[in-house]
Amino acid sequence: MATSALQGWHPGELVMQRKFGFEDAVRDTWAHIRNFMPEQHRIFHTSNLPFIPITTFDEEGRPWSSIVAGSTGEIGFVKSPDERTLSLNIRIWDGDPLLDTVKAWIDPKRRAVATPERFLTAGLGIEFSTRRRNKFAGFIEHVCSTADSEYNIDLRVTETVGNCPKYINVRKLIPHPHTQPVIAYNCQHLGPYDRLPDEVIEFILEADTVFVGSIYKSDPSTAEKFPSHSGMNARGGLPGFIRVRPSDGRTVVLPDYSGNRFLASLGNIEAGGLASFTIVSFATGDILYLTGTAENLVGPPALEVMTRHAGITLLRTTGFIIVRDALPIRQQTGTSVERSPYSPKIKYLVEETASQSDTSGQYKAHLESATQLSEDLAVFRFRVAVKAGAENINIRPGQAIVLDFMDWMGPPQYHHMADSNPQMMNDDRLRTWTVSSSHEGQEVSWFELTMRKMKGGAVTGALFDILRRPSTKQGSLSLSDNAVHANIVGVTGDFFMPNDKLNVAWIAGGIGITPFLAMLNALANRGPKAQGDILFILSTREPGIMLELMRGPLENMSPAVKISVDIFSSNARTNVEGTSRNKPLISFHKGRVASEYWMNVPKDKDVFICGPNSFGDAVAQGLQAGGVLPTQIHREGFY
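In UniProt numbering, the protein residues as written are 1 to 639.
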């Protein structure tokens with residue numbers, strides 16, 4: 001007996017698979033979609049889920065993403081009498097679009113005039129504590145009212161498939177039976193110039209999960225091979241990954257992340273031009289339902305809307321509903337959300353203010369030389385090319401530069417899962433490094449990055465591979481062909497050196513020395529105008545290399561700058577003799593920084609810390625225990 005639910009991918013799915021370049025890879029995988037529920041799916045739906053998002057349709061044929069749950073929010077509201085049936089015992093609150101659908105089913109007159117698609121449905125079983133999820137699709141087979149607002153609904157299941165769990169944010173959910181649902185907004189039809197209310201937009205921007213409903217409406221000529229069906233899916237990311245276009249206040253933009261490549265939801269949208277988004281607050285139980293016309297954008301058209309993301313779906317909202325205190329499930333108080341390690345950074349819309357600092361295309365960086373200091377440490381020097389008419393770049397000592405290597409490296413190869421390196425899945429080739437050279441008061445025509453090769457790092461790996469070229473001599477390489485290049489996205493950071501006299505403690509862990517190298521060079525370049533009293537504390541495995549990087553500015557420092565350097569290292573002692581006319585006091589300490597050391601740091605200094613988070617936490621804790629005020633401590637992110 002045939003067990004596949006499909007006879008092939010429908011035209012919309014094929015279009016999207018072709019646009020993303022997956023057509024050959026998934027040519028025959030439609031056969032994985034079954035026409036029954038395996039035993040494990042039946043157990044999963046009946047024994048693991050406190051609620052299920054399902055797709056339903058209104059009388060106009062618009063999809064809505066409804067939420068079904070039992071009256072108490074407990075697991076067990078779903079039964080499965082056979083491999084093709086799910087029986088739901090649910091309470092439907094006023095405002096949920098499913099309520100009108102079940103009333104249409106119960107009313108013989110309304111059911112008689114309903115379109116064939118009216119009672120299609122699809123659902124997604126998603127267990128937020130484990131990231132397990134399984135999809136189904138089918139149609140409503142029977143409805144009966146069992147009590148006020150409570151119904152038994154039998155669903156006939158015609159399609160099932162396991163689903164990609166990568167972007168689910170883990171939550172501990174518990175029943176919350178004593179809800180009092182209230183409809184805050186019920187706007188079924190927006191006018192052509194209407195906008196979503198500000199509080200609705202804010203609700204969308206705070207979301208980290210959205211349930212996506214869709215429909216494929218068959219063409220009569222191919223209906224036997226590709227029958228009409230609905231879809232339900234979930235998208236997850238960091239809070240803010242869903243955007244709303246400020247220009248119209250109603251178009252919701254959803255980025256597409258690397259998944260299993262079936263592209264069923266996007267295929268339905270491509271074919272039908274409709275979708276629904278529903279967002280739930282697991283803290284308050286509030287639910288936002290959106291429906292509208294939808295469009296997929298891939299490649300350059302997508303990049304014109306969302307910065308640095310080449311696949312998006314736009315939902316132009318035509319109707320929306322908000323129900324307060326509706327969901328009879330909540331995230332347990334005192335528990336935190338475990339973010340998916342696969343979720344990429346937030347991408348903003350081109351028209352948003354937050355993206356206006358993106359200067360991509362106006363400035364380019366061309367690698368002109370590289371010097372290897374150790375197996376995993378090197379200095380890369382870039383030349384800056386400024387587009388005609390653009391302002392010159394300025395970098396304050398200690399700031400970082402954001403570089404986009406996509407044009408040089410290309411996008412990552414597809415991998416469905418990569419547990420050893422999850423961030424590679426949506427790697428946008430965007431990197432931020434602290435600039436280690438000094439350009440104080442200058443227009444930047446070049447800059448240097450002192451860089452550590454990251455294990456499994458795509459960009460650092462590619463840059464260090466350049467140093468393995470046969471033309472590399474004694475660890476140094478010069479380039480003049482502009483082959484290695486990046487777009488300069490911007491300059492960032494408020495961890496920089498002021499212009500006045502310094503009374504500071506600089507504390508660096510390993511490669512966290514980079515902002516202080518820029519500051520040292522800037523101080524040396526100030527000449528006799530420089531003044532300050534600096535305690536420089538460095539914890540490193542490579543004291544010799546780090547001292548060599550510091551030697552130039554230390555030898556050329558004004559006598560008006562007093563510098564004491566304390567180096568902590570577990571490696572063998574190195575030559576720490578100063579050679580300048582203004583010889584700094586350099587002390588070598590074997591091992592890690594002891595907690596009692598921080599008790600002796602002068603209390604009148606501003607403290608700047610750069611290094612791994614664990615290092616910075618330990619330093620800040622030790623300093624505060626020694627009497628340094630939190631307001632005196634400044635920390636830098638570790639680039």
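Where a beta carbon is used, it is the ideal one built from N, C-alpha and C, also for glycine.
Taking only three categories from DSSP, how would you classify residue 21?
coil
- Where residue 625 and residue 64 are concerned, what is the direct C-alpha to C-alpha distance, given to the nearest angstrom? 56 Å
Review point. Do residue 275 and residue 218 come within 8 Å of each other at the CB atom, strictly closer than that value?
Key: no
Looking at residue 603: is its Cβ nearer than 8 Å to the Cβ of residue 503? no
Exercise for review: Identify whether residue 37 lies in helix, strand or coil by the three-state DSSP scheme.
Suggested key: coil
Do you know offhand how far residue 557's Cα is from residue 527's? 7 Å
My parser needs the alpha helix (DSSP H) runs of 4 or more residues fully inside the stretch 511-588; what are they?
514-525, 543-555
(message) Buried or exposed, going by whether 16 or more other CB atoms sit within 10 Å of the CB of residue 420?
(response) Any reading at residue 420 needs caution, since the residue's pLDDT is 42, under 50, leaving its predicted position unreliable; the model's value is listed next. It counts as exposed.
| Can you give the Cα-Cα distance for residue 267 and residue 571, rounded to whole angstroms? | 58 Å
Spatial distance of residue 349 from residue 286 (CA atoms): 26 Å
| task | Look at the alpha carbon of residue 618 and the alpha carbon of residue 457, and state the distance between them as a whole number of angstroms. | result | 26 Å
Between the alpha carbons of residue 93 and residue 627, how many angstroms are there, rounded? 57 Å
Open item on the list: Under 8 Å: do the stretch 119-138 and the stretch 230-238 share three or more Cβ pairs, one atom per stretch?
Closed with: yes
Inset, instruction - Please classify residue 490: does DSSP put it in a helix, a strand, or coil? - result: strand
Residue from 409, 193, 58 whose Cα sits closest to the Cα of residue 97: 58
How is residue 595 classed by DSSP in three states: helix, strand or coil?
helix
Roughly how many whole angstroms lie between the Cα atoms of residue 593 and residue 608? 16 Å
* So what does residue 233 bridge to, in DSSP terms? -> 212
- Task: Mind the definition here: the stretch 306-326 touches the stretch 195-210 only if three or more C-beta pairs lie below 8 Å; say whether that holds.
- Result: yes
Would you say residue 207 and residue 106 are within 8 Å of each other, going by their C-beta atoms?
no
Which residue marks the beginning of the alpha helix (DSSP H) containing residue 110, and which one marks its end?
108-113
Under the three-state DSSP convention, the category residue 310 falls into
coil
Work out the CA separation of residue 340 and residue 138 for me, nearest whole Å. 30 Å
### Length of the line joining the Cα atoms of residue 466 and residue 437
21 Å
To which residues does DSSP link residue 319 through a beta bridge? 291
Is residue 627 near the ligand HEM, judged by its Cβ being under 7 Å from some heavy atom?
Ligands in the displayed structure: none, and consequently the ligand HEM is not present.
Quiz prompt | Cα-Cα separation between residue 508 and residue 535, rounded to whole angstroms | solution = 11 Å
>> Need the endpoints of the beta strand (DSSP E) that residue 159 sits in, please.
In response: 150-162
Inset, instruction - Assign residue 16 to buried or exposed, taking buried as 16 or more other Cβ atoms, counted over all protein chains shown, within 10 Å of its Cβ. - result: buried
* To do: Under 7 Å Cβ to Cβ from residue 408, same chain only, skipping five residues before and after it: list those, please.
  => 484, 485, 486
Task: Nonlocal neighbours in the same chain, by C-beta distance under 7 Å from residue 404, ignoring five residues either side - done: 360, 429, 430, 486, 487, 489
*CA-CA distance, residue 304 and residue 296?*
13 Å
Exercise. Span of the alpha helix (DSSP H) holding residue 199?
Worked result: 198-205
*Tell me whether the beta-carbon of residue 173 lies closer than 8 Å to the beta-carbon of residue 44.*
no
So, for residue 621: in the same chain, excluding its five sequence neighbours on each side, which residues have a beta-carbon less than 7 Å away from its beta-carbon?
none
For residue 451, is the classification buried or exposed, using 16 other Cβ atoms within 10 angstroms of its Cβ as the cut-off for buried?
buried
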